[in-house]
Amino acid sequence: MEQINQRKQHIINAALETLKELPLDQVSVRKIAKKAGLTTGAIYHFYQSKDDLIFDAMQQSLYFTNALYKEVEKGQHQLKGKPLIEEINKHVEQRIKKTEEQKLHIQILSEIVKKDDALKEEYRKYYELMIDVVSKLFKDAFEIDESLCQKSVASILIAAIDGIALQQALGVLPESLENITKTFITFFNESIPLYLEKHKECKLK
């Protein structure tokens, strides 16, 4: 099993490297296979299509909720309060500091939104999933009552992370990445529970 996981990870790494070098429409399974030093058959053993591979690569590389979601899905998520906040902060920090992957994320998104295909649909579904997972984590992380506004706040958090990615791609971050990351995490740690607790329209009746 470990050998299979290593082979799959090798393919994902090759896909990310190929995506950094070429526009999305020029990326092919053959080119990814060449980068990985494998046959196309070896890649199709794990993935049915190029889109499946690209989505898996971007999902693993960038979506900070991925590991937390898997824990929730398997019933292994047991953290609450400060330990959970710290765990979320760690994943957010790792995501923001993946500078090259952040730029790649914006590049791929800009191409995907123009299309109406399977890869766009996968992204759409996963964004919905991210918003849902993050909103559910708020309750345990900040130890507050469930709120009608949780999904909206989760959506804003995810949009803000994508906004940081866009500024990284443009090279316009006003401070060092270290300072931006610290400010970002502190801002959301303080503002999310305050907003959800303060606004009565968010309270479940």
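All residue numbers for the sequence shown refer to the working numbering, where the first residue is 13 and numbers rise by one. Ideal Cβ placement from N, Cα and C applies to all residues, glycine included.
Within 9 angstroms, strictly: CB atoms of residue i and residue j
| i | j | result |
| --- | --- | --- |
| residue 93 | residue 157 | no |
| residue 185 | residue 197 | no |
| residue 188 | residue 163 | no |
| residue 160 | residue 213 | yes |
| residue 117 | residue 174 | yes |
| residue 204 | residue 131 | no |
| residue 63 | residue 134 | yes |
| residue 54 | residue 39 | no |
| residue 23 | residue 50 | yes |
| residue 115 | residue 58 | no |
Bridge partner(s) assigned by DSSP for residue i
| i | result |
| --- | --- |
| residue 215 | 159 |
Close-in-space but distant-in-sequence residues of the same chain around residue i (CB under 7 angstroms, 5 per side omitted)
| i | result |
| --- | --- |
| residue 193 | 105, 108 and 109 |
Sequence-distant residues of its chain with Cβ nearer than 8 angstroms to residue i (five each side left out)
| i | result |
| --- | --- |
| residue 201 | 97 and 101 |
| residue 120 | 31, 36, 66 and 70 |
| residue 169 | 146, 200 and 204 |
Environment of residue i [buried if 16+ CB atoms lie within 10 Å]
| i | result |
| --- | --- |
| residue 171 | exposed |
| residue 190 | exposed |
| residue 165 | buried |
| residue 182 | exposed |
| residue 238 | Residue 238 is absent from the model: the chain starts at 13 and stops at 217. |
| residue 34 | exposed |
| residue 60 | exposed |
| residue 206 | exposed |
| residue 18 | exposed |
Own chain partners of residue i with C-beta closer than 6 angstroms, once the 5 adjacent residues on each side are dropped
| i | result |
| --- | --- |
| residue 42 | 52 |
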